[in-house]
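Comments concern the structure below.
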Amino acid sequence: DAKTTQPPSMDCAEGRAANLPCNHSTISGNEYVYWYRQIHSQGPQYIIHGLKNNETNEMASLIITEDRKSSTLILPHATLRDTAVYYCIVRVREAAGNKLTFGGGTRVLVKP
Amino acid sequence: NAGVTQTPKFQVLKTGQSMTLQCAQDMNHEYMSWYRQDPGMGLRLIHYSVGAGITDQGEVPNGYNVSRSTTEDFPLRLLSAAPSQTSVYFCASSYSHRGLETQYFGPGTRLLVL
Chain E
207 DAKTTQPPSM
217 DCAEGRAANL
227 PCNHSTISGN
237 EYVYWYRQIH
247 SQGPQYIIHG
257 LKNNETNEMA
267 SLIITEDRKS
277 STLILPHATL
287 RDTAVYYCIV
297 RVREAAGNKL
307 TFGGGTRVLV
317 KP
Chain G
1490 NAGVTQTPKF
1500 QVLKTGQSMT
1510 LQCAQDMNHE
1520 YMSWYRQDPG
1530 MGLRLIHYSV
1540 GAGITDQGEV
1550 PNGYNVSRST
1560 TEDFPLRLLS
1570 AAPSQTSVYF
1580 CASSYSHRGL
1590 ETQYFGPGTR
1600 LLVL
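Each protein sequence line maps, in turn, to chains E and G. Residue numbering for the first sequence follows the numbering used here, starting at 207 and increasing by one per position. Residue numbering for the second sequence follows the numbering used here, starting at 1490 and increasing by one per position.
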């Protein structure tokens, strides 16, 4: 699985958009970009994933650069409940054991 | 739906004791797995199951046993607890082994081994 690099932390004002970057310069053609988050003392929560095209769901938007070497997760209107550690993961969609490996992630603090 | 439930939420064991961490899901998911999460180590897969009666090892299976007699339940047994097994344990289930997006996690069990 390709390695990802994320900033260790960032602050965001409540109600504003939060843009979380992720670098994955060694991504392979069949690897997807996944985003998960983990709110304190809770299990990981799936947010969104994509291969090439930008994606949007009820939680967030995912913007993937044309060369696929980086991506940005956008939380359009951050709330206090979005305070969490956000993980960017790059891997093939099907893998033995559905293994989910987290790196350091970005600790996001949403402030009032 | 209750989703994925785990019991207990917290547990303290002495070295050498055995115990079972319970995991249940009510979504009729075929696929279930156990992870441990340690500070600075991220998530590591312990064991997983693709259906009742079928289990397989993940990255860090030593010291743990699993069984899958029903679709709903996937208990994790610690045979002889060691301080190195102090961790937060997460159970997950999914309706498919194809794709992380299908995976739902339980709230976790915090285990301290003295």
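Built from N, CA and C at the ideal position, the CB exists for glycine as well. Just so it is clear, the structure is predicted and the values come from calculations on it, not from any experiment.
| query | result |
| --- | --- |
| C-beta neighbour in chain B for Leu1567/G, strict 8 Å | The structure shown contains no chain B; the protein chains it does contain are E and G. |
| Distance, Pro1550/G Cα to Thr1575/G Cα | 15 Å |
| Coarse secondary structure for Gln1506/G, derived from DSSP in three states | coil |
| C-beta atoms of Ile233/E and Lys275/E nearer than 8 Å | yes |
| For Asp288/E, three-class secondary structure by DSSP | helix |
| Cβ-Cβ separation, Leu1603/G to Gln1500/G (assumed contact under 8 Å), whole Å | Not confirmed; about 11 Å, so no contact. |
| Under the three-state DSSP convention, the category Ser1569/G falls into | coil |
| Reference Tyr238/E; option with closest CA among Glu264/E, Leu257/E and Ala266/E | Leu257/E |
| Spatially closest choice to Pro1572/G from Thr1494/G, Asn1490/G and Leu1502/G, by CA coordinates | Leu1502/G |
| Neighbourhood of Pro1497/G by C-beta distance below 7 Å, restricted to the same chain and skipping five residues each side | Thr1598 |
| Bridge partners - Glu237/E, DSSP secondary structure assignment | Val298/E |
| Secondary structure of Thr1560/G, DSSP reduced to three states | coil |
| The stretch 308 to 318 of chain E in contact with the stretch 1552 to 1561 of chain G per 3-pair CB rule at 8 Å | no |
| His283/E and Gly235/E closer than 8 Å at C-beta | no |
| Whether Leu286/E touches Ala266/E by CB criterion (8 Å) | no |
| Whole-Å CB distance - Tyr1524/G paired with Ala1581/G, under 8 Å assumed | 7 Å |
| Presumed contact (8 Å Cβ cut-off) between Gln1619/G and Glu1561/G, rounded CB distance | Coverage of chain G is limited to positions 1490 through 1603, which leaves residue 1619/G absent and any answer about it impossible. |
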